[in-house]
Ligand code: ADP
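Here it is in structure tokens:
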């Protein structure tokens with residue numbers, strides 16, 4: 274099995290220093306380099322941004338515009354050295370909440386292997402969900418979030434203006450912590466996405482519904498009553514229905530944010546077996562707070578701490594040969610991981 278190598282997992286391009294703390298650059302604004310100025314200006318409202326921009330010297334304005342142009346054109350070009358074994362390559366990715374006041378992700382660099390299960394682990398609040406949501410641009414509507422850096426999906430930059438959100442969300446589906454079935458029948462929950470994509474033929478829809486429910490190990494439970502309301506199913510069944518709804522669109526990737534945390538152990542076991550089975554066809558990235566679950570179902574594991582990726586490796590190595598003291602402390606259950 275290909276592993277996330279140390280080189281690809283944690284290195285940073287030599288020429289890129291972390292950008293300045295966006296919350297605290299106001300007084301030094303004019304002294305910053307073009308890159309930091311650009312990200313600082315992005316957090317401002319248009320009028321204030323314009324005032325700040327014109328306060329710069331002519332040369333600084335030119336540098337800033339040149340940086341913006343280069344940044345945009347870099348995002349719109351495919352990544353020529355994208356590794357075929359990967360589905361995502363994340364490079365120098367930073368994220369700030371609240372218009373730059375709170376940085377939640379710091380210089381994230383690692384690869385996600387195609388058709389494998391990758392678990393994201395780490396203490397509560399370390400940025401796992403924040404990171405996961407960026408893989409299908411769940412943050413798109415929140416203008417107070419600022420990101421820097423690149424997320425490459427099959428060689429394309431998902432934050433390029435050329436990349437359509439609809440296309441991305443079709444290829445990268447999401448399953449949430451709590452089951453979120455639509456308030457409609459089991460059948461309609463699954464047929465909803467394909468219908469939205471223009472499929473009208475009843476036989477085709479019937480086949481998609483059956484195949485998706487079979488793939489999600491739910492067909493036997495519901496085949497005699499597909500018109501029953503989805504909300505009549507148990508929590509575990511509802512979660513499998515949500516998985517079936519996602520796979521009806523034949524995604525390349527399924528993102529799962531603690532998909533079993535609201536379920537009992539039996540329902541959890543079913544979802545875990547389903548994840549293992551699905552990974553033949555779909556890449557799965559799962560946030561889990563359960564170390565046991567990560568070990569049972571994932572091929573690779575990424576350990577986050579305080580918004581940073583501390584280690585990324587095969588799950589076996591993460592749990593048997595942790596390299597950093599931070600990961601060793603975490604695996605030993607040391608709550609106060611402050612080193
Ligand atoms: P995890 O999934 O590891 O528990 P999160 O990604 O939910 O962590 O949170 C990472 C950090 O970002 C936390 O400090 C959290 O408080 C903060 N955060 C999460 N969502 C928001 C938000 N919408 N606005 C501001 N801060 C947020």
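Numbering (the numbering used here), first residue to last: 274 to 612.
Positions of the beta carbon are idealized from the N, C-alpha and C atoms, including for glycine.
None of these values were measured; they are calculated from a predicted model.
Notebook entry, point to check: Are the stretch 562-577 and the stretch 383-398 touching by the rule of at least three beta carbon pairs closer than 8 Å?
Noted result: Yes, they touch.
Checklist line | Per-residue DSSP class, three states only, for residue 334 | finding: Helix, per DSSP.
Check: Can you find a heavy atom of ligand 1 that lies under 6 Å from the Cβ of residue 603?
Finding: Taking non-hydrogen atoms of ligand 1 into account, the C-beta of residue 603 is found less than 6 Å away from none of them.
Next item on the list: To the nearest angstrom, report how far apart residue 521 and residue 529 are at their CA atoms.
Entry: 16 Å
Notebook entry, point to check: Would you say the beta carbon of residue 391 comes nearer than 6 Å to a heavy atom of ligand 1?
Noted result: Flag unset: Cβ of residue 391 not near ligand 1.
Notebook entry, point to check: Taking a cut-off of 5 Å, which residues have a beta-carbon closer than that to any heavy atom of ligand 1, in chain order?
Noted result: 370, 377, 397, 398, 399, 400, 401, 402 and 403
Margin query: Suppose you measure from the CA of residue 312 to the CA of residue 436; what does that come to, to the nearest Å?
Written below: 21 Å
Notebook entry, point to check: Cα separation between residue 588 and residue 487?
Noted result: 28 Å
Note to self: Is it buried or exposed, residue 447, if we count other Cβ atoms within 10 angstroms and call 16 or more buried?
What the structure shows: buried
Next item on the list: Could you say if the stretch 534-544 and the stretch 501-508 meet the contact criterion of at least three C-beta pairs nearer than 8 Å?
Entry: yes
Check: If you count every other CB in all the chains shown that lies within 10 Å of the CB of residue 517, and 16 or more means buried, which is it?
Finding: Classification of residue 517: buried, given that the 10 Å Cβ count is 16 or more.
Check: So what does DSSP say about residue 443, is it helix, strand or coil?
Finding: helix
Next item on the list: With DSSP collapsed to three states, give me the class of residue 353.
Entry: In this structure, residue 353 counts as coil in the three-state DSSP scheme.
Check: Between residue 445 and residue 408, is the Cβ-Cβ spacing less than 7 Å?
Finding: yes
Check: Are residue 378 and residue 606 close, meaning C-beta to C-beta below 7 Å?
Finding: It is not a contact, given that the beta carbons lie outside the stated cut-off.
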